[in-house]
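Working notes, beginning with the structure itself.
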Amino acid sequence: MAIYARISQDRGGEAMGVERQLQDCRRVAKQRGWIVAEEYIDNDQSAYNPRKKRPAYERMLADLRDGLRDGVVVYHLDRLHRRPIELERFVEVCERAGMRSLATAHGDVDLGTGDGLLLARLLGIVAANESDAKSRRGKRKMQEIAEAGKPHMGGPRPFGFKSDKVTHEPAEAEVIRTAAERLLAGDTLTSLVRSLEADGVQTVTGKPWSTTALRQMLLSPRNWGMRTRQDGDPVKAVWDPIISARDGERLTQKLTDPARRTNRSARRYLLSGMCRCGRCGAVLVSHPKQGVRKYECRPIANRKGCGRLSITAAPLEEWVTEAVLELLDDPKLTATLTTGGETGDEEAAQLRADLVGLKERRADAAQMFALGDIDRAEWSVIRKTIEPQLRTKEARLATLTNRTAADAYIGHGDRLRSQWQSLNLTRQRAIIQAVINHVTIQPAAVPGRHGLDPERVQPDWAF
Numbered sequence: 001m002a003i004y005a006r007i008s009q010d011r012g013g014e015a016m017g018v019e020r021q022l023q024d025c026r027r028v029a030k031q032r033g034w035i036v037a038e039e040y041i042d043n044d045q046s047a048y049n050p051r052k053k054r055p056a057y058e059r060m061l062a063d064l065r066d067g068l069r070d071g072v073v074v075y076h077l078d079r080l081h082r083r084p085i086e087l088e089r090f091v092e093v094c095e096r097a098g099m100r101s102l103a104t105a106h107g108d109v110d111l112g113t114g115d116g117l118l119l120a121r122l123l124g125i126v127a128a129n130e131s132d133a134k135s136r137r138g139k140r141k142m143q144e145i146a147e148a149g150k151p152h153m154g155g156p157r158p159f160g161f162k163s164d165k166v167t168h169e170p171a172e173a174e175v176i177r178t179a180a181e182r183l184l185a186g187d188t189l190t191s192l193v194r195s196l197e198a199d200g201v202q203t204v205t206g207k208p209w210s211t212t213a214l215r216q217m218l219l220s221p222r223n224w225g226m227r228t229r230q231d232g233d234p235v236k237a238v239w240d241p242i243i244s245a246r247d248g249e250r251l252t253q254k255l256t257d258p259a260r261r262t263n264r265s266a267r268r269y270l271l272s273g274m275c276r277c278g279r280c281g282a283v284l285v286s287h288p289k290q291g292v293r294k295y296e297c298r299p300i301a302n303r304k305g306c307g308r309l310s311i312t313a314a315p316l317e318e319w320v321t322e323a324v325l326e327l328l329d330d331p332k333l334t335a336t337l338t339t340g341g342e343t344g345d346e347e348a349a350q351l352r353a354d355l356v357g358l359k360e361r362r363a364d365a366a367q368m369f370a371l372g373d374i375d376r377a378e379w380s381v382i383r384k385t386i387e388p389q390l391r392t393k394e395a396r397l398a399t400l401t402n403r404t405a406a407d408a409y410i411g412h413g414d415r416l417r418s419q420w421q422s423l424n425l426t427r428q429r430a431i432i433q434a435v436i437n438h439v440t441i442q443p444a445a446v447p448g449r450h451g452l453d454p455e456r457v458q459p460d461w462a463f
């Protein structure tokens, strides 16, 4: 005989529920004088989810099919099956193997008679309905928890929070703040992962960070005090934010930008891709020539360069760097960028409110269509009216919240000058790109002249 025991959830990992089932099944087998050949146990396994295999159950079916077992003892039929289709599969295996004995702690079921099959099928339908109702209740409860802004208590704790998923874990929260600040200032995920590895910082599961894991963590609305409903809409959470909502939006904008390419080769020169030929407008190529780094216009594949202009890299990079530092110290620039800052914040707040309202209108219209209050044509008109507004407002909000790598240094060029050499190339490039669109290099007035002629360098400032 076979004994089968199963429990859907064993949160404590102690298998207490399974052990109680086994005790009752052993008692049933002993009362009937049956010899138990094997106990098949699926602990912490659902019988309702078809995507989750039950290894012990499948092994028992194989043994029944091969004639190795004469019957099955189970605490209750719902321990065997929660879906009618699985019951029919079990019945078919039993019929082909000539197995009729199915005993439970509450009575026997004879699979060889019509009445026995009817009872098994009725109990199977009841079990399926019970599982379906339990699933609906669970989903509704999860929805209520989400709408209240409370944390979902399943799974491991999130990075930055204690096990209650509400209280900050101070050291990890500081890691999140630092990572967000560095990423917004121009650092890459790869450089951040290297820093975390060097500092011995691991994920909550004790594994090293990867760029994928770090990206997912930084994109979590939890970090800025929000959580999402099942429909994807945000809800204010009950916990305090680790970073501001504005920085959260900037991170999302940066990390989800379709134009962002993470598989390209790292730039090796400070001004790679930023310099233009003053003769033909082509992008200058950076490379060493006879041991000296240069930016050159070259007529290579996919480039329409004239091949008639070059400039030594080191003095050009020094000149551009100094020009950027001086610009960041310019009071006029500071006044330009700080004036209207509150207005920008007010506009961003209004855009966020508008987006919430538009999404609610779209959701209401979708529900009306689902209930039959409006037809498909009406639903299509509403959707086509709302969605362009959503895209326009989302694009405007992205522009307002697109923080540049130079923000922290506006009006503090001297501080940046003292830190410049300690910044990695990625950070330096990000700061320059924040204030310069490109640099046009004009032909040399005196060919062969040593040193840099500043007249050749024409920055196209972003401000």
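Residue numbers for the sequence shown follow the UniProt record's numbering, beginning at 1 and rising by one.
Glycine included, every Cβ here is placed at the ideal spot set by N, Cα and C.
Closest by C-alpha distance to residue i, when choosing among the options
i      : options                        : result
Ser418 : Gln458, Glu326, Asn437, Leu358 : Glu326
Glu19  : Tyr4, Gln143, Ile386, Thr167   : Tyr4
Lys289 : Val283, Arg298, His438         : Arg298
Ala323 : Thr205, Met1, Val439           : Val439
Arg121 : Arg100, Met142, Gly155, His81  : His81
Lys254 : Val126, Glu39, Leu183, Lys53   : Leu183
Gly67  : Ala37, Glu86, Ala179           : Ala37
Pro234 : Leu355, Trp379, Ile374         : Leu355
Gly155 : Val204, Ala179, Lys52          : Val204
Cut-off 6 Å between Cβ atoms - residues of its own chain near residue i, not counting five sequence neighbours on either side
i      : result
Tyr409 : Leu328, Leu416
Ala198 : none
Ser101 : Gly71
Leu123 : Leu77
Ile374 : Met368
Check whether residue i and residue j have beta carbons under 8 Å apart
i           : j      : result
Thr104      : His76  : yes
Ala29       : Ile41  : no
Gly278      : Pro443 : yes
Ile436      : Pro459 : yes
Thr426      : Ser191 : yes
Val166      : Val238 : yes
Phe161      : Glu169 : yes
Leu111      : Cys94  : yes
residue 539 : Leu251 : Since the first residue of the chain shown is 1 and the last is 463, residue 539 is not available in this structure.
Ile441      : Cys275 : yes
Same chain only: Cβ atoms within 8 Å of residue i, ignoring 5 sequence neighbours per side
i      : result
Lys236 : Gly149, Gly225, Met226
Trp420 : Thr321, Leu325, Gln428
Thr256 : Leu219
Arg449 : none
Arg96  : Arg65
Leu371 : none
Inter-residue Cα distance where the pair is residue i and residue j
i      : j      : result
Ala185 : Ser422 : 14 Å
Leu452 : Glu181 : 36 Å
Ile7   : Gln21  : 9 Å
Lys304 : Arg362 : 48 Å
Pro285 : Pro454 : As written in the sequence, residue 285 is Val, which differs from the Pro given in the question. In a straight line, the C-alpha of Val285 is about 20 Å away from that of Pro454.
Gly206 : Asp240 : 25 Å
Leu61  : Asp132 : 25 Å
Gly200 : Arg26  : 51 Å
Ile243 : Met153 : 22 Å
Asp187 : Val74  : 59 Å
Ala377 : Ala366 : 12 Å
Val126 : Met142 : 24 Å
Glu317 : Arg268 : 13 Å
Arg136 : Ser163 : 27 Å
Pro208 : Glu172 : 14 Å
Arg177 : Glu296 : 40 Å
Leu397 : His412 : 27 Å
Ala462 : Leu270 : 18 Å
Arg79  : Ile85  : 15 Å
Gln433 : Ser195 : 23 Å
Ile382 : Arg140 : 28 Å
Arg391 : Ser380 : 17 Å
Asp407 : Asn424 : 17 Å
Own chain, CB closer than 7 Å to residue i, minus 5 neighbours either side, in chain order
i      : result
Gly248 : Pro221, Asn223, Trp224
Asp414 : Asp329
Met217 : Phe159
Val292 : Thr312
Pro315 : Gly451, Leu452
Beta-carbon separation (whole angstroms), residue i vs residue j, contact threshold 8 Å
i      : j      : result
Ile386 : Leu358 : 5 Å
Val457 : Trp319 : 6 Å
Val109 : Gly98  : Not confirmed; about 16 Å, so no contact.
Lys294 : Ser272 : Actually they do not touch by this definition, with Cβ atoms about 12 Å apart.
Arg83  : Ala146 : Contact flag wrong, Cβ pair sits at about 28 Å.
Asp63  : Arg54  : Not confirmed; about 14 Å, so no contact.
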